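Engineer: Sequential numbering from 1 applies to the sequence shown in full-length UniProt numbering.
In this text, a Cβ means the ideal position worked out from N, Cα and C, and glycines have one as well.
Being a predicted model, the structure only gives us computed values, none of them experimental.
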Amino acid sequence: NKIAPAPFSHEQEAIDTNALIDYSVKITMEDAMSGNVSRPVRIYADGIYDMFHTGHARQLMQAKMAFPHTYLIVGVCSDEMTFKNKGRTVMNDSERYEAVRHCRYVDEVVTDAPWTLDMSFLEKHKIDFVAHDDLPYTTGSADDVYKFVKEKGMFLATQRTEGISTTDVITRIIKDYDVYIRRNLARGYSHKDLNVSYMKAKRLKLKDNYEKLESRIKDKGKDLMDKWKDQLGKGNEMLHRWEEKSKELIGNFVEMFGRDGKLGQWLQENSLRLREVISPASSPLPDSPPSPSTSDQDSAASPPTKRSRFTPPLVDNDVSEEDDIEDD
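#1: Report the partner residues of residue 116 according to the DSSP bridge assignment.
#2: Using a Cβ-based criterion (distance less than 7 Å to any ligand heavy atom), does residue 184 qualify as near the ligand HEM?
#3: Where does the unbroken alpha helix (DSSP H) through residue 156 begin, and where does it stop?
#4: For the alpha helix (DSSP H) containing residue 171, list its first residue and its last residue.
#5: Which residue's Cα is closest to the Cα of residue 6: 128, 217 and 108?
#6: Just tell me which of 11, 56, 238 and 218 has its CA closest to the CA of residue 45.
#7: Does DSSP put residue 41 in a helix, in a strand, or in coil?
#8: Could you tell me whether the Cβ atoms of residue 125 and residue 146 are closer together than 8 Å?
#9: Indicate the three-state DSSP secondary structure (helix, strand or coil) for residue 97 in the structure shown.
#10: What is the residue span of the alpha helix (DSSP H) that residue 235 lies within?
#11: What are the start and end residues of the beta strand (DSSP E) that includes residue 75?
#12: Within the same chain, show all residues whose beta-carbon is closer than 7 Å to that of residue 165, passing over the 5 residues directly before and after it, in chain order.
#13: Considering only residues of the same chain and omitting the five flanking positions on each side of residue 326, which have a CB-CB separation below 8 Å?
#14: Between residue 71 and the rest of its own chain, which residues show a CB-CB distance below 8 Å, the 5 nearest in sequence each way excluded?
#15: To the nearest angstrom, how far is it from the Cα of residue 142 to the Cα of residue 115?
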């Protein structure tokens, strides 16, 4: 199989495929479910498919996989038909046609599809079943637009995907309207392109710049805080090391100088020796040897008396001369 978008119903490829179908052979739901068919089961699904999303894709997947061998035809309503019966769309009909034909489950696309189906349309496209969710789908009247198909037993119910629809997507955009306006202004769109006043555009730009500045300040503050925490961690680690070192020094000091420390034990063991070193015994004088009867205690207790030096008496010279005369 070649990889290409699904053909439009008015293109030759789709016309040739339609011509090969023997629509006189009617296929029942039971035959389609069992796969006991002589040709592909042609299933038709229709819708607006504005802003094509996962809910659309899942609906088409359910239709494509409903039976073992199917050919899925998808009808997309035009802008005129949609504006008249439902309201304005975001994407125009050409964009919506292209979005659907590029879905992998689609085999053929019908452009400008009718809002309400009739037998002539089903016969023209040789449709066996119509796939849609089972909720009644009404327009201005109270009648279900799929009532005719349901009565003929040609309706194939699919399940809606909760939480996603075109209305939900548009609601999200409206909810954050200012955010998307600022986003597009930042990307180069003018206030005229976005249908906002000049003053509003300036105000939104100012707000955007303020938030960017605030974000930068927060980031800078976070960086500074991280650096401060890192430095604080290093400081705590260094303080812990100093505490461990101081404990070690104090322990060593106590071990050496404490009451039961090594120094005290050494002093106790060597006190007598130290006393002898600090206060030695007096040595005896050479001219007065100690008597043998003197005890060591006396000599140690009372040191020897000091002896004065001998000085001869002075003689008068006159007296000496008289003595010499008498002798003569």
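Structural biologist: Let me lay it out:
#1: Paired residues: none, contrary to the question.
#2: Summarising the ligand content, the structure contains no ligands, and the ligand HEM is consequently not present.
#3: Premise fails: residue 156 lies in the beta strand (DSSP E), 155 to 158, not in any alpha helix (DSSP H).
#4: Here the alpha helix (DSSP H) through residue 171 covers 166 to 175.
#5: Of the listed residues, the one whose Cα sits closest to residue 6 is 108.
#6: By alpha-carbon distance to residue 45, the top candidate from 11, 56, 238 and 218 is 56.
#7: When secondary structure is reduced to three states using DSSP, residue 41 falls in the strand class.
#8: Contact: no.
#9: In this structure, residue 97 counts as helix in the three-state DSSP scheme.
#10: Per DSSP, residue 235 is one residue of the alpha helix (DSSP H) stretching across 198 to 257.
#11: Per DSSP, the unbroken beta strand (DSSP E) holding residue 75 starts and ends at 70 to 76.
#12: Cβ neighbours of residue 165 beyond the five flanking positions: 55.
#13: Low local confidence applies: a pLDDT of 49 at residue 326 is under 50, so the model's placement there is unreliable, with the coordinate-based value given in what follows. Excluding the 5 residues flanking it on each side, residue 326 has no same chain C-beta neighbour closer than 8 Å.
#14: Within the same chain, residue 71 has close Cβ partners 17, 40, 41, 42, 43, 107 and 108.
#15: Reliability of the predicted coordinates at residue 142 is poor, the pLDDT of 49 falling under 50, and no value is obtained from them.
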